[in-house]
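Input: a single structure, listed below in structure tokens.
4 protein chains.
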Amino acid sequence: MGRKVCAIIGFGPGLGVAYAETFNQAGYSLGLLSRSGARFNGEEATNTSVRAYECDAGDPDNLKAALTSVQSDLGLIDVLIYNADLAQFGALEDVSELQFEQSWRVGALGLFAAAKALGPQMSERGSGAIIVSGATAALRGNVWTTAFAPSKSAQRTLANALAKQLGPKGVHIAYLVIDGVIDTEDTRTNFAPNEPDEFFIDPQHIAETALMLAHQDKSAWTFELDIRPFGEKW
Amino acid sequence: MGRKVCAIIGFGPGLGVAYAETFNQAGYSLGLLSRSGARFNGEEATNTSVRAYECDAGDPDNLKAALTSVQSDLGLIDVLIYNADLAQFGALEDVSELQFEQSWRVGALGLFAAAKALGPQMSERGSGAIIVSGATAALRGNVWTTAFAPSKSAQRTLANALAKQLGPKGVHIAYLVIDGVIDTEDTRTNFAPNEPDEFFIDPQHIAETALMLAHQDKSAWTFELDIRPFGEKW
Amino acid sequence: MGRKVCAIIGFGPGLGVAYAETFNQAGYSLGLLSRSGARFNGEEATNTSVRAYECDAGDPDNLKAALTSVQSDLGLIDVLIYNADLAQFGALEDVSELQFEQSWRVGALGLFAAAKALGPQMSERGSGAIIVSGATAALRGNVWTTAFAPSKSAQRTLANALAKQLGPKGVHIAYLVIDGVIDTEDTRTNFAPNEPDEFFIDPQHIAETALMLAHQDKSAWTFELDIRPFGEKW
Amino acid sequence: MGRKVCAIIGFGPGLGVAYAETFNQAGYSLGLLSRSGARFNGEEATNTSVRAYECDAGDPDNLKAALTSVQSDLGLIDVLIYNADLAQFGALEDVSELQFEQSWRVGALGLFAAAKALGPQMSERGSGAIIVSGATAALRGNVWTTAFAPSKSAQRTLANALAKQLGPKGVHIAYLVIDGVIDTEDTRTNFAPNEPDEFFIDPQHIAETALMLAHQDKSAWTFELDIRPFGEKW
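See the structure below:
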């Protein structure tokens, strides 16, 4: 009781864990939603609660039910972090209609469903934040982002539409344009096995920027910012 | 036989008819796809064929079947105009998950399905054009575009991804950022009943720009251009 | 008398000549402004006049005097093409304050001076067009565009400001985002000696798009479009 | 000795003072550059130095001399805040060539000169930050920003070019897209006398975001972010 609550949709290794650690250390109770219902193994601050929920972000009813559970277990959600993403890459011939749809369901429809669930109550309270893990693909398409770019750009303009609606009611919507490869065991092993440390974005520092956004004074809110490692070519 | 073929997905009053007239007058046979299977009443040029097909652009299998019919009736499609759109407007509380999905299906999934159907054959021939009726909402969200902006931005970055893949193979993808209200009986009556003529975009002139794009030399292709009436505030 | 007049600021080999040929063939008399006062050697249409003027586009008084001469020689200018550019490339250490300034003077200040000279009279007549040869560098900076990007972006937002002011008065402002290397003797020899034909943009086709813009109906004007060769990676 | 040094180009009431207070409280010595040589009256942290310098940001030699003085008085500059701006507003007919030039000199040329002075030494040390007070006008022109938009967009793409050059050398460049009216005695009195508190951006909170940027880990740097009050229509 009395603790602020942060729900993370799309909890998982890398950025999901970093968000969890950062908001937990800042004193938030955590509701962690993931397809696998993965649990959080980080160091937990005293007096906060951390709960895991199994949920498919691309299924609106399932997602809304999980958010209801979070709120009945932990209290009203103050900060929602939308981190779900299929990261489906490929050219036109590599992507099926089903994959194209799944990519959009998890990237954009899930954010819409979460906003339907939490937007009205945050508006009523006149506070709350929804922070979205976005990508440069939100701004333009590319050869390998036939499914990913449409999903991320739908996510971004949805976030933008929400910001313009909910901002004046005191709800902060922010979109992180993450431009680079996040440092995880998976990306180190499978995606960029020969890159030096400085090639990767340390997810901890993304999470710190997200925490800053969640605490920005409403007199000077940021909707969108980019994040990339200093050596990135862009 | 020997006539170029233009398929228009989303044929209907206003811009759909203008595309049909313009490409027909330029000597194209026409395959007109619409939900209602509406027929074309314009003046038809001699020696061209015009056929109408009933089809739901938001249903990939249905759409692909209709495109197959066009090609078996009229020959290979040279120019595809993607003009389907639900134009679903509303704030977060006005839009259901189903409407959000339908908006995306007709705006973005249909373009993806059409590209799956025609992209490979256009690439093989090393020619062809896909021209998309877009909107300013593709670039940013707004209060009333909670469903429309995500649909149009997904459409735009998909078109962008297609341009980068199919362009080098000789297939021209172009995106029209239409910024303003198109002059139709419906918009005159229901949307902007008190506006002067110059408030509206004459769809005929959009269609002329589309025809120009379809005929641009591949040494100097345009991917994106905006279109608005001279008096528009933007 | 009776001929439409097109003034080209920044006449020279490549795109300047292509603009001249295209507008001349379309029946325009030409006023060609360049640093060297270069003359036009193309085939001239019957009954049009072509005159050359020596002028430094980066010097407002000089530029305005030249435009006055054009109008006294040929009549009121209907279409102004702003094609002046120093194309100064380099990293921070390569560019001096003087070069940075010169780049801006020719790219942006000259367009401002031309708009001061012609904007009011075009507004009064309720017609006219100003078409600017822009570049992708107008949208973002890069390592080698320390001087070029600031010059082109200033040029683009100036054109945008002019479009919003003069558009409602019937004056069409358009900005071409040229993305690629224009085919000239110079670029073939010095910049990209080993590239195939299809690497280059044929300036003739840029000029055709400019002519199309100059003739667009004001019900459906384009402010900005990009132009690139089909094989360009972007 | 041992204190970090922050130089603020364009120190003055409102945002300049807020930057000074925020960085001073964070333990930075301050070099304050302004046209008037204004002094800082805020509460100063113990053991830091605060010095004021008279300087015209639009005059490269003058500006570079002032930066040399800062460094000889206080030590090497760690953080440069570029806050100089003429905020020259007006339509085409309101702005002279001289004003157009002055606007650019103070907005863009001054940043270039500062980067020439400090970029190489920051690169050599592999650290440092340059943070620029930008504006939405950097992204597009408008009726009243005939001079302001070209100045701010040149500033932004210059900052972007610097970020891509100096970032890999460990120097952080960031651009604040400030979208709204900053709360100062002047804006309250002259610009928006009847607006409620929440109409204005509290400059203190802009400065806090700037401080966050100056301290971001280089694994996850932000180049650009927007800042606006929660009630702003955009």
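Chains as they are written, first to last, in numbering that gives the first Met the number 0: chain A, 0 to 233; chain B, 0 to 233; chain C, 0 to 233; chain D, 0 to 233. By construction, the Cβ of each residue, glycine as well, lies at the ideal position given by its N, Cα and C atoms. Here the structure is a predicted model, which means the values were calculated and not measured.
| Check | Outcome |
| --- | --- |
| When DSSP labels each residue in this structure, what does C:T145 get in the three-state scheme? | coil |
| Which stretch, first to last residue, makes up the alpha helix (DSSP H) that contains A:S71? | P59 to L73 |
| Got a sec: is the Cβ-Cβ distance from B:S132 to anything in chain A below 9 Å? | no |
| May I ask you to list, following chain order, the residues of the segment 95-106 of chain A that have a beta carbon less than 8 Å from some beta carbon of chain B? | E96, F99, E100 and W103 |
| Between B:Q98 and B:G89, is the Cβ-Cβ spacing less than 9 Å? | yes |
| Determine the DSSP secondary structure at C:S35, reduced to helix, strand or coil. | coil |
| Mapping DSSP to helix, strand and coil, what is B:S122? | helix |
| Quick test of the definition: if touching needs 3 or more C-beta pairs under 8 Å, does the segment 213-233 of chain D touch the segment 200-208 of chain A? | yes |
| Run through the DSSP bridge pairs and tell me what A:F222 is partnered with. | A:F222 is not bridged to any residue. |
| Report all residues from its chain with a CB closer than 6 Å to the CB of C:S33; omit the five preceding and five following residues, and keep chain order. | F10 and G11 |
| From B:S48, B:A191 and B:L62, pick the residue whose C-alpha is nearest to that of B:L29; which is it? | B:S48 |
| Tell me, please, whether the segment 48-63 of chain B touches the segment 223-231 of chain A by the rule of three or more beta-carbon pairs shorter than 8 Å. | no |
| Identify which residue in C:M211, C:V180 and C:T208 has its Cα closest to the Cα of C:E197. | C:V180 |
| At a Cβ threshold of 9 Å, is D:M211 touching chain A? | yes |
| Distance, Cα to Cα, D:W143 vs C:L161? | 10 Å |
| Hey, would you say B:V4 sits closer than 9 Å to B:G74, going by beta carbons? | yes |
| Given that D:K163 touches chain A, what residues does it touch there, using C-beta distances under 7 Å? | W233 |
| Is there contact here, the segment 77-84 of chain B with the segment 117-133 of chain B, by at least three beta-carbon pairs under 8 Å? | yes |
| For C:T188, is the classification buried or exposed, using 16 other Cβ atoms within 10 angstroms of its Cβ as the cut-off for buried? | exposed |
| Mind listing the chain C neighbours of B:L157? Cutoff is C-beta to C-beta under 8 Å, in chain order. | Neighbours of B:L157 on chain C: none; closest Cβ ~16 Å, over 8 Å. |
| Can you tell me the Cα-Cα spacing of B:V69 and B:R50, whole angstroms? | 8 Å |
| Counting C-beta neighbours from all protein chains within 10 Å, is the total for D:P149 16 or more, i.e. buried, or is it exposed? | buried |
| Would you list the residues sitting across from A:Y52 in a DSSP beta bridge? | A:L32 |
| Are the beta-carbon atoms of C:T208 and B:M211 separated by less than 9 Å? | yes |
| Consider the Cβ of C:A136: report whether some Cβ of chain G lies at a distance smaller than 9 Å. | Judged by its chain identifiers, the structure shown contains no chain G, and its protein chains are A, B, C and D. |
| Have a look at B:M121 and B:G1 and give me their C-alpha separation to the nearest angstrom. | 17 Å |
| Between D:Q154 and chain C, is any beta-carbon pair separated by less than 9 Å? | yes |
| How is the beta strand (DSSP E) around B:S102 delimited, first residue to last? | Note, B:S102: premise wrong, no beta strand (DSSP E); alpha helix (DSSP H) at E96 to W103. |
| Do you know whose CA, among D:G26, D:P192 and D:A146, lies nearest D:V94's CA? | D:A146 |
| Look at the Cβ atom of B:W103, then the Cβ atom of B:D178, and state whether they are nearer than 9 Å. | no |
| If we ignore side chains and look at the alpha-carbon of each, how far apart do C:L175 and D:A37 end up? | 44 Å |
| Please confirm if B:N40 has its CB atom under 9 Å from at least one CB of chain A. | no |
| Taking the DSSP output, what are the residues bridged to D:I129? | D:L79 and D:I172 |
| Helix or strand or just coil, what does DSSP make of C:Y27? | strand |
| Taking Cβ-Cβ distances shorter than 8 Å, what residues in chain C pair up with B:G230? | G166 and P167 |
| Does A:F190 come out as helix, strand or coil in the three-state DSSP assignment? | helix |
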